[in-house]
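One structure is given here, and the rest of the page talks about it.
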Amino acid sequence: MAMKIRLARGGSKKRPFYRIVAADSRMPRDGRYIEKLGTYNPLLPKDSEDRVKMDLDRVKHWMDQGAQPTDRVSRMLEAAGILDKKERNNPNKGTPGKKAQERAEEKAAKAAAADEAANAPAEEPAEEAPAEEAAEEKAE
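Counted the way this note's numbering counts, the sequence shown spans residues 560 to 699.
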(Lines of atoms letter the chains of each structure in order from A and count residues from 1; the text may use other names and numbers.)
(Lines give C-alpha, C1' and ligand atoms only; values in the text may rest on other atoms or scores of the structure.)
Protein backbone atom coordinates (compact mmCIF):
# COMPACT_ATOMS: atom_id res chain seq x y z
CA MET A 1 0.00 0.00 0.00
CA ALA A 2 1.56 3.31 -1.15
CA MET A 3 1.12 5.84 1.63
CA LYS A 4 1.05 9.60 1.26
CA ILE A 5 1.03 12.41 3.77
CA ARG A 6 -1.14 14.99 2.09
CA LEU A 7 -3.75 17.71 2.50
CA ALA A 8 -7.47 16.85 2.55
CA ARG A 9 -9.64 19.90 1.87
CA GLY A 10 -12.48 20.89 4.10
CA GLY A 11 -14.32 24.13 4.70
CA SER A 12 -16.90 25.84 2.58
CA LYS A 13 -16.65 27.51 -0.80
CA LYS A 14 -13.93 30.19 -0.88
CA ARG A 15 -13.03 29.36 2.76
CA PRO A 16 -10.49 26.52 2.55
CA PHE A 17 -9.38 24.50 5.54
CA TYR A 18 -7.11 21.47 5.25
CA ARG A 19 -6.45 18.40 7.35
CA ILE A 20 -2.96 16.94 7.10
CA VAL A 21 -3.59 13.22 6.80
CA ALA A 22 -1.84 9.92 6.20
CA ALA A 23 -3.78 8.20 3.43
CA ASP A 24 -3.49 5.49 0.82
CA SER A 25 -2.43 7.16 -2.43
CA ARG A 26 -5.29 5.44 -4.29
CA MET A 27 -7.96 7.13 -2.17
CA PRO A 28 -9.62 10.41 -3.25
CA ARG A 29 -8.18 13.71 -2.05
CA ASP A 30 -10.97 14.34 0.46
CA GLY A 31 -11.84 10.69 0.90
CA ARG A 32 -10.90 7.98 3.35
CA TYR A 33 -7.71 8.41 5.32
CA ILE A 34 -5.94 6.36 7.95
CA GLU A 35 -4.93 9.03 10.47
CA LYS A 36 -5.29 12.78 10.89
CA LEU A 37 -1.86 14.28 11.56
CA GLY A 38 -2.69 17.98 11.80
CA THR A 39 -4.43 20.97 10.26
CA TYR A 40 -3.58 23.83 7.90
CA ASN A 41 -5.61 27.03 7.67
CA PRO A 42 -4.36 29.22 4.78
CA LEU A 43 -6.69 32.07 5.76
CA LEU A 44 -4.66 32.87 8.86
CA PRO A 45 -1.61 35.18 8.66
CA LYS A 46 1.69 33.50 7.82
CA ASP A 47 3.22 34.28 11.21
CA SER A 48 0.30 32.78 13.15
CA GLU A 49 1.00 29.67 15.24
CA ASP A 50 -2.44 28.25 14.41
CA ARG A 51 -1.83 28.33 10.63
CA VAL A 52 -0.11 24.91 10.61
CA LYS A 53 -0.54 22.43 13.45
CA MET A 54 1.04 18.96 13.20
CA ASP A 55 1.66 16.02 15.46
CA LEU A 56 5.34 15.75 14.56
CA ASP A 57 5.85 12.41 16.32
CA ARG A 58 3.13 10.77 14.22
CA VAL A 59 4.46 12.39 11.04
CA LYS A 60 7.91 10.92 11.77
CA HIS A 61 6.29 7.56 12.49
CA TRP A 62 4.49 7.52 9.13
CA MET A 63 7.59 8.65 7.26
CA ASP A 64 9.51 5.78 8.91
CA GLN A 65 6.76 3.45 7.63
CA GLY A 66 7.45 4.70 4.09
CA ALA A 67 4.82 7.42 3.63
CA GLN A 68 5.85 10.07 1.09
CA PRO A 69 4.84 13.68 1.80
CA THR A 70 3.35 15.68 -1.07
CA ASP A 71 5.13 18.83 -2.26
CA ARG A 72 3.08 21.24 -0.14
CA VAL A 73 3.31 19.08 2.99
CA SER A 74 7.07 18.63 2.47
CA ARG A 75 7.44 22.42 2.48
CA MET A 76 5.59 22.55 5.79
CA LEU A 77 7.83 19.80 7.18
CA GLU A 78 10.92 21.72 6.01
CA ALA A 79 9.67 24.79 7.87
CA ALA A 80 9.11 22.63 10.98
CA GLY A 81 12.65 21.26 10.69
CA ILE A 82 11.77 17.60 10.07
CA LEU A 83 12.98 17.44 6.46
CA ASP A 84 16.10 18.91 4.92
CA LYS A 85 15.47 21.80 2.53
CA LYS A 86 15.40 20.74 -1.10
CA GLU A 87 17.15 22.75 -3.77
CA ARG A 88 14.35 23.93 -6.05
CA ASN A 89 15.12 25.38 -9.44
CA ASN A 90 12.46 26.99 -11.59
CA PRO A 91 14.33 29.33 -13.95
CA ASN A 92 11.17 30.26 -15.85
CA LYS A 93 9.29 31.49 -12.79
CA GLY A 94 10.73 35.00 -12.87
CA THR A 95 10.51 35.58 -16.61
CA PRO A 96 7.60 37.71 -17.83
CA GLY A 97 4.88 36.21 -20.01
CA LYS A 98 4.43 36.74 -23.76
CA LYS A 99 2.24 39.83 -23.48
CA ALA A 100 4.56 41.50 -20.96
CA GLN A 101 7.57 40.80 -23.20
CA GLU A 102 5.74 42.29 -26.21
CA ARG A 103 4.84 45.41 -24.19
CA ALA A 104 8.45 45.77 -23.06
CA GLU A 105 9.68 45.50 -26.66
CA GLU A 106 7.16 48.12 -27.83
CA LYS A 107 8.17 50.43 -24.99
CA ALA A 108 11.85 50.01 -25.85
CA ALA A 109 11.13 50.74 -29.53
CA LYS A 110 9.19 53.90 -28.62
CA ALA A 111 11.97 55.03 -26.30
CA ALA A 112 14.56 54.49 -29.04
CA ALA A 113 12.43 56.45 -31.52
CA ALA A 114 11.98 59.26 -29.00
CA ASP A 115 15.75 59.40 -28.40
CA GLU A 116 16.40 59.61 -32.14
CA ALA A 117 13.78 62.33 -32.51
CA ALA A 118 15.24 64.25 -29.57
CA ASN A 119 18.79 64.03 -30.96
CA ALA A 120 17.91 65.01 -34.54
CA PRO A 121 16.07 68.32 -33.78
CA ALA A 122 18.79 69.30 -31.29
CA GLU A 123 21.28 69.47 -34.17
CA GLU A 124 18.96 71.31 -36.60
CA PRO A 125 18.17 74.36 -34.42
CA ALA A 126 21.90 74.95 -33.99
CA GLU A 127 22.12 75.37 -37.77
CA GLU A 128 18.92 77.42 -38.05
CA ALA A 129 19.79 79.84 -35.26
CA PRO A 130 22.54 81.66 -37.22
CA ALA A 131 20.24 81.95 -40.22
CA GLU A 132 17.51 83.50 -38.09
CA GLU A 133 19.98 85.91 -36.51
CA ALA A 134 21.25 86.90 -39.94
CA ALA A 135 17.66 87.58 -41.10
CA GLU A 136 17.05 89.73 -38.01
CA GLU A 137 20.26 91.69 -38.62
CA LYS A 138 19.22 92.43 -42.23
CA ALA A 139 15.83 93.66 -41.03
CA GLU A 140 17.44 96.20 -38.71
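We put the CB at the ideal spot given by N, CA and C, even for glycine.
If you draw a 10 Å sphere on the C-beta of Gly-597, you find 16 or more other C-beta atoms in it, and that means buried. The count of Cβ pairs closer than 8 angstroms, one atom from the region 638 to 657 and one from the region 563 to 577, stays below three, leaving the stretches out of contact.
Here Ala-582 is buried, its C-beta having at least 16 other C-beta atoms within 10 Å. Burial state of Arg-565 is buried, judged by a 10 Å Cβ sphere holding 16 or more other Cβ atoms. Sorting Glu-661, Arg-617, Leu-602, Ala-667 by C-alpha distance to the C-alpha of Ile-593 places Arg-617 at the top. Residue pairing from DSSP places Lys-595 in a beta bridge opposite Val-580. Gln-627 is positioned such that its CB atom lies closer than 9 angstroms to that of Met-562.
Each residue's CA atom was taken as its position, placing Arg-631 and Leu-642 some 12 angstroms apart. Nearest to Arg-610 by alpha-carbon distance, out of Gln-624, Phe-576, Lys-619, Arg-591, is Phe-576.
When rounded, the separation of the alpha-carbon atoms in Pro-587 and Gly-653 is 33 angstroms. Across the structure, Asn-678 and Arg-662 are spaced so that their CA atoms are roughly 24 angstroms apart.
Distance between Thr-629 and Leu-615, taken at the CA atoms: about 16 angstroms.
The alpha carbon of Met-613 has as its nearest neighbour, out of Glu-664, Glu-675, Val-580, Gly-625, the alpha carbon of Val-580.
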